[in-house]
Every structure is written in structure tokens, then in C-alpha cells.
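One structure is given here, and the rest of the page talks about it.
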Amino acid sequence: MPQRLAYLPLNTYPEAAPDPAILAAAGFAAALGCGLEVSAFAVDVPPTASPIGGYFFNVESLARSAEERSAAECARLQALVQEWAAGKLAINVTLRKAMLGAALDAAAAEARLHDLAVLPWAADTLSAQDMAQALVFGAGVPVILVPQTARAASVGHMTIAWDGSRVAARALGDALPLLAAGGRVTVVTVTGEKALGTSGLATALVASLQRRGYSVEAASISLAGRPIATALQETALASGADLLAMGGFGHSRLRDFILGGATKGVFADLRLPVLLSH
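No gaps in the numbering here: position 183 of the sequence shown is 196 in this note's numbering, and each next residue is one more.
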């Protein structure tokens, strides 16, 4: 029987995501019944020299030091995930070298060969933030951001942030196959928010999902002064949801992202596993 395959990219420059976040992402993939493909990227810094005060300061030794630290971190992470995965799930770990700044595009391209990507999340780790944005907006596959506090459990209850848009429909289609047998769905719309919540949309989606055999309910919430991402995540957590699925809004120009309000808020404060589709 074919198995769903998840992709977990690890960028080690300038620093990797924390170990607990990495293992939480791997654990969530295992709970989904996925095999796991891990790519750990070591940085390759091109030789260069910089003029400072009329003199050329050779940065070759600094570059080699960065490469050595990155390569050592790749090897350490390989051992970490392989030891953790022993007896838990099918896993393959590949160590790759990427030119400075190229790991993000390489990871986005590799992600397209898989069913989904799971990403360890740490709000204070720049490499994790960059990888998340690169894959959400560049890979074309569903991306699940996993905080290190996430428990490794199957998705028995998912919350769908619904506004009837194309990206919301994409998130719905990406998320439903991850729902465990007998699981339930909550369709959430937000009142008083232009991006989410239009009268009748939740009712129509609930009826459609019921016709397809899903156990589903609708919930309409107000922001009550909260950022939209906070409202969505608090609602999902209060209902006991294992996953929040939503469309990812954003536009890219040379890696500078202007994020939609909900997406930006999720990146700033991730509280549960969130599936983003774009």
C-alpha cells in the first residue's frame, strides 16, 4: 500500500532550529503515518576578500569556520533524527551542501517531490522563519509548521479557517486527507474581518462536508480586539483541535514578504500545528 511521504528540510546556517522543535516535527509526521525524508543543508561559502579601511581583510578563515560548523551540525542532526526514528518510522536522511543563500530554493524544489512538508518552528530562529516562508510560498505542497510543544498525535479533530477563497479551498483539500478515521472537522469563520467570514459560507461548506460523510460543525467567532491569528489559534486550541488549516497569503519580491494578517500572525506566534497552503 502506498505511503504518504513527508519532507523535513533542516538549514544549519546561521543556526539550526532547536532539537525539540525538530523532533516535534518528525513526531507529527510519524503520527500522520508518513514516511520521512530529511535533508540537512550545510553551507558552502564562496571565497572572498573585503576591503576595509583601504586594506583587504581576508575572510577565508571565517568562511571555512562557518562551513565546518555547519557541516558538523548536519552530522549531529543526522544522528539525532536517526536515533529518534529507530523503530518509529521509515526515515531517510540526506546531507547536502548548498551555496550561501541557496538552501531555501533547493528545499522548495525538493519539497515538490513529496506529499507535504513538516517544518520545525522556533520564532527566534531566523533559519526556521526563512525556510517556512520559502516553502509556504514557493514549494506548491502543503506545509505544516510544528511548534516544539506539539504532541505527536494523529489528527482526530481539525479546524479549518474558511472564507471561501481559493487558498482556503486549497488548504481544505490538503488537510482533509490527514484527518484520522472517525475524526471531526470544525469550520471557523471570523466576523468583522474582511479576509475571513462571509455570511452563509460556513453553512454551505458544512453541508458539503456532511454529504461527503464527515462529522463537521461550524463556529463563528469575533476578534474581540485580538489579532486574527490569535483568534484562530485560540479557537482551535479551546476546541481541542490537533491541527489548524488555513490559506497562506503573501507575495514575494527577492525574498521580502508582505504577509497577510493571519499568516503573519501565525509566523509570529505559533501555538499548535498549522497547515498552510498557498
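Here a beta-carbon is modelled for each residue, glycine too, at the ideal position from N, C-alpha and C.
Computed from a predicted model, the values in this text were never measured in an experiment.
- Note on geometry: alpha-carbon atoms of residue 144 and residue 217 lie some 35 Å from one another.
- Spatial neighbours of residue 33 in its own chain (CB-CB distance under 7 Å, excluding positions within 5 residues in sequence) are listed in chain order as 161.
- Here the alpha carbon of residue 227 sits roughly 13 Å from the alpha carbon of residue 191.
- If only uninterrupted alpha helix (DSSP H) runs of at least 4 residues are considered, those enclosed by the stretch 117–177 are 139–151.
- Counting along the chain, the unbroken alpha helix (DSSP H) around residue 82 starts and ends at 73–98.
- Non-local beta-carbon contacts of residue 138 in its own chain, meaning distances under 6 Å to residues more than five positions away in sequence, involve 30 in chain order.
- Judged by beta-carbon spacing, residue 257 lies beyond the 8 Å limit of residue 244, meaning their Cβ atoms are not closer than that value.
- Minimum Cα-Cα distance from residue 58 among the listed residues 35, 42, 125, 84 corresponds to 84.
- By the beta-carbon neighbour count (other beta carbons within 10 angstroms, threshold 16), residue 155 is buried.
- Residue 115 has its alpha-carbon roughly 30 Å from the corresponding atom of residue 179.
- Counting only runs that start and end inside the stretch 221–252, the beta strand (DSSP E) elements of at least 3 residues fall at 228–235.
- When only Cα atoms are considered, residue 80 and residue 24 end up about 12 Å apart.
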